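J.: Questions regarding the structure given below will be posed in turn.
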């Protein structure tokens, strides 16, 4: 029965993905072979058979069926000047407010991280900000195309209600166009710069991950981290990434010199034999914190969707235990509950 459920899910996902618009084509680069993207120096060493092996032997730790959230203040319409306010919606969805610009990362308001509304990982708490309580959204940043990061229903709702600029790595525009060709998107390669205002820019940078919406489109779309440069300090956002050898984080620090805030994933990292390539565990997230120059950190990617074997409380518990070995980390790494906001100091 377990195998049948997995195969049915994968089969339906492959069918849904087959209707996608044509993926990116372009010149060969150091991370694109003319058809697929890859991480330079370390090709992905896991395949569909490994996925089935994991799912058939999964040892998922405890997750609650549902957890209510406390009530928090709603975000302001705008945050002016160098003030930086971030609000955790849940998983990798963060509202970033600074310089009068409102930015959403990897927005997911759907009840499941799945191609289906009736099957797949179900969120265990409501979004920390109700969709109707969002301030005007100017920019959406999409890091990659996995269902817990690129949710087409949410993108369509944002486009209808807010008309934001939707910025993403190469190839992901095809997925949105296949859903609704009226939605305007912007796709860029690693290293490209996107002006937002005269003072705010978005830069797409490498991260160590992979992509797929179905069985037959693996790595046809690129993945990326984002650096938001602003007068009050730079912001670094990673939706998902393996740590690798840390080069990407050290290169980001060298390029941008300083970060006021890093938004780093800490969850969905078990089993390590399968997940380590694309998902940092809390100890590796702390290594990234050091590589980036010890900025303020907002942890993400935990306590929302049961996606891996990692338990509900494990990421935060492991993070707090590992932080003991890092000087001043407790004052710089600030976990939030979904719906909670933080005025990030300079």
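Numbering (this note's numbering), first residue to last: 3 to 348.
Note that beta-carbon positions come from the ideal geometry of N, C-alpha and C, so glycine has one too.
What you are looking at is a predicted structure, and each value in this text was computed from that prediction instead of being measured.
1) When you compare each of 313, 276, 225 to residue 58 by their alpha carbons, which one comes out closest?
2) Where does residue 138 fall in DSSP's three states?
3) What does the Cβ neighbour count give for residue 147, buried or exposed, with the cut at 16 atoms within 10 Å?
4) For the beta strand (DSSP E) containing residue 105, list its first residue and its last residue.
5) By how many angstroms is the C-alpha of residue 303 removed from the C-alpha of residue 6?
6) Between the C-alpha atoms of residue 341 and residue 26, what's the straight-line distance to the nearest angstrom?
7) Which residues in the same chain as residue 255 place their Cβ atom closer than 6 angstroms to its Cβ, once the five residues preceding and following it in sequence are excluded?
8) With the cut-off set at 8 angstroms, would you say residue 336 and residue 298 are in Cβ contact?
9) What's the gap between the Cα of residue 208 and the Cα of residue 250?
10) DSSP three-state call for residue 46: helix, strand or coil?
11) Determine, using beta carbons only, whether residue 72 and residue 339 come nearer to each other than 8 angstroms.
12) Given residue 191, which residues of its chain have a CB within under 6 angstroms of its CB, disregarding the five upstream and five downstream residues?
13) The beta strand (DSSP E) with residue 100 in it runs from where to where?
14) Quick check on the DSSP output: what are the complete beta strand (DSSP E) runs of length 3 or more inside the region 150 to 226, in order along the chain?
15) With DSSP run on the structure shown, which of helix, strand or coil describes residue 257?
16) From 310, 186, 88, 77, pick the residue whose C-alpha is nearest to that of residue 133; which is it?
17) For residue 29, does the count of other Cβ atoms within 10 angstroms reach 16, so buried, or fall short, so exposed?
18) Give the straight-line distance between the Cα atoms of residue 47 and residue 270, rounded to the nearest whole angstrom.
19) Among residues of its own chain, excluding the 5 on either side of residue 305, which ones have a beta-carbon nearer than 7 angstroms to its beta-carbon?
20) Once DSSP output is grouped into helix, strand and coil, what is the label at residue 228?
21) Please say whether residue 202 and residue 63 have beta carbons closer to each other than 8 angstroms?
22) Check whether the Cβ atoms of residue 140 and residue 309 lie closer than 8 angstroms to each other.
23) What are the partner residues of residue 298, as DSSP defines its beta bridges?
24) Using a 10 Å radius around the Cβ and a threshold of 16 neighbouring Cβ atoms, would you call residue 262 buried or exposed?
25) Between the alpha carbons of residue 108 and residue 325, how many angstroms are there, rounded?
26) Any idea what DSSP makes of residue 86, helix, strand or coil?
27) Using the Cα positions of residue 216 and residue 330, report the straight-line distance between them to the nearest angstrom.
T.: For this structure:
1) Comparing Cα positions, the closest option is 276.
2) Residue state, collapsed to three classes: coil.
3) When all chains shown are included, residue 147 counts as buried.
4) Its beta strand (DSSP E) spans residues 103 to 107.
5) Residue placement at residue 6 is poorly supported in this model, since its pLDDT is 39, which falls under 50; the coordinates are not used for a value here.
6) Counting only the Cα atoms, residue 26 lies some 36 angstroms from residue 341.
7) Answer for residue 255: 294, 295, listed in chain order.
8) Yes; because the gap between Cβ atoms is below 8 angstroms, this pair is in contact.
9) Between residue 208 and residue 250, the C-alpha separation is close to 6 angstroms.
10) Residue 46: coil per DSSP, three-state reduction.
11) Against a cut-off of 8 angstroms, the Cβ pair of residue 339 and residue 72 comes out as a contact.
12) The residues are 172.
13) Segment 95 to 100, the beta strand (DSSP E) holding residue 100.
14) Here the runs fully enclosed are 167 to 171, 188 to 190, 195 to 197, 203 to 207.
15) Shown here, residue 257 sits in a helix according to DSSP, grouped into three states.
16) Ranking the options by Cα distance to residue 133, first place goes to 77.
17) Counting Cβ neighbours within 10 Å, residue 29 comes out exposed, since fewer than 16 surround it.
18) Distance between residue 47 and residue 270, taken at the CA atoms: about 18 angstroms.
19) Answer for residue 305: 314, listed in chain order.
20) In the displayed model, residue 228 falls within a strand according to three-state DSSP.
21) In this structure, residue 63 sits away from residue 202, with a CB-CB distance that is not shorter than 8 angstroms.
22) The Cβ-Cβ distance between residue 140 and residue 309 does not fall below 8 angstroms.
23) In the DSSP output, where bridge partners are listed per residue, residue 298 has 263.
24) Buried: at least 16 other Cβ atoms inside 10 Å.
25) Approximately 27 angstroms between the Cα atoms of the pair.
26) Strand.
27) Each residue's alpha carbon lies about 43 angstroms from the other.
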